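Numbering (our numbering), first residue to last: 35 to 272.
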């Protein structure tokens, strides 16, 4: 039954399901475009000087999933499997949701193959922290908003509660920048303190070596630990 609607559906409520993979959240999805080539043709017996337009080949662009986050590396495992020569074609479903989070349009793409993986761009600049963590931030915000009903937000207390929950969800990912410390003291005072400080003993050297060894062991353990979260900026499927 057709549903009459005055306003178009918003494009920011959607889900992506990949066959054989855990659900993942994406900030942007580019649905493939279908295009038919037109071939102009004319032979010598035509009575007009205009060529005829003949239907040519049909072209399909790729499905692009951008700025995604997943709790398990299933999509990377699929890409790596195809990269090593194992052809594994899967079905990918993109579902558009309305304001009540109910499906209104479904794009089902069959026999898909991953052809490109784009990793995140890392930067040591503090201003880029929010951009790098945007997939996680968006996922947390959607989780909080999807748990609310319209009646919960009518009173002022409900709006304040939502604001507090969103703040906690975001600050768990992006820590607030600490205020700058006190101004540095003159170099003369630091030099005087350094001269007054006692010389390091053998015990101090052993303690420093022990701490360095413990830090190295922690880094090695972290490298061997299983990966529980995968962040990526684009995942292209053909």
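Quick reminder that beta carbons are idealized off the backbone N, C-alpha and C, glycines included.
It should be emphasised that the depicted structure is a prediction, and the values quoted were computed from it without experimental measurement.
1. On the three-state DSSP scale, how would you describe residue 184?
2. Compute the distance between the beta-carbons of residue 171 and residue 149, then report whether it is under 8 Å.
3. Can you tell me whether residue 207 is helix, strand or coil according to DSSP?
4. Work out the CA separation of residue 156 and residue 246 for me, nearest whole Å.
5. Apart from the five residues just before and just after residue 144, which ones in its own chain have a Cβ nearer than 7 Å to its Cβ?
6. Hey, residue 100 and residue 60: beta-carbon distance below 8 Å or not?
7. Please name the residue in 116, 55, 243, 43 whose C-alpha comes closest to that of residue 127.
8. So residue 174 packs on residue 197, CB below 8 Å; how close in whole Å?
9. Give the DSSP-derived three-state secondary structure of residue 108 in the structure shown.
10. Who are residue 137's beta bridge partners in DSSP?
11. Out of curiosity, what's the CA-to-CA distance linking residue 96 and residue 199?
12. Can you round the beta-carbon distance between residue 74 and residue 85 to whole angstroms, since I take them to be within the 8 Å contact cut?
13. Express the C-alpha separation of residue 91 and residue 71 in angstroms, rounding to a whole number.
14. On a Cα-Cα basis, can you pick out the residue from 241, 79, 45 that is closest to residue 130?
15. With burial defined as no fewer than 16 other Cβ atoms inside 10 Å of the residue's Cβ, what is the status of residue 102: buried or exposed?
16. Is it buried or exposed for residue 42, if we count other Cβ within 10 angstroms and need 16 for buried?
17. Given a threshold of 16 other Cβ atoms within 10 Å of its Cβ, counted over all protein chains shown, does residue 137 qualify as buried or as exposed?
18. Could you check the C-alpha separation between residue 192 and residue 135 for me, to the nearest Å?
19. Cα separation between residue 213 and residue 201?
Let me lay it out:
1. helix
2. no
3. In this structure, residue 207 counts as coil in the three-state DSSP scheme.
4. 26 Å
5. 125
6. yes
7. 55
8. The pair is not a contact, with the Cβ atoms about 14 Å apart (cut-off 8 Å).
9. helix
10. 131
11. 37 Å
12. 4 Å
13. Near 5 Å, if we compare the C-alpha coordinates of residue 91 and residue 71.
14. Distance from the Cα of residue 130 is smallest, within the candidate group 241, 79, 45, for 45.
15. buried
16. exposed
17. exposed
18. 21 Å
19. Residue placement at residue 213 is flagged as unreliable, the pLDDT there being 48, under the threshold of 50; the coordinate-derived value follows with that caveat. About 19 Å.
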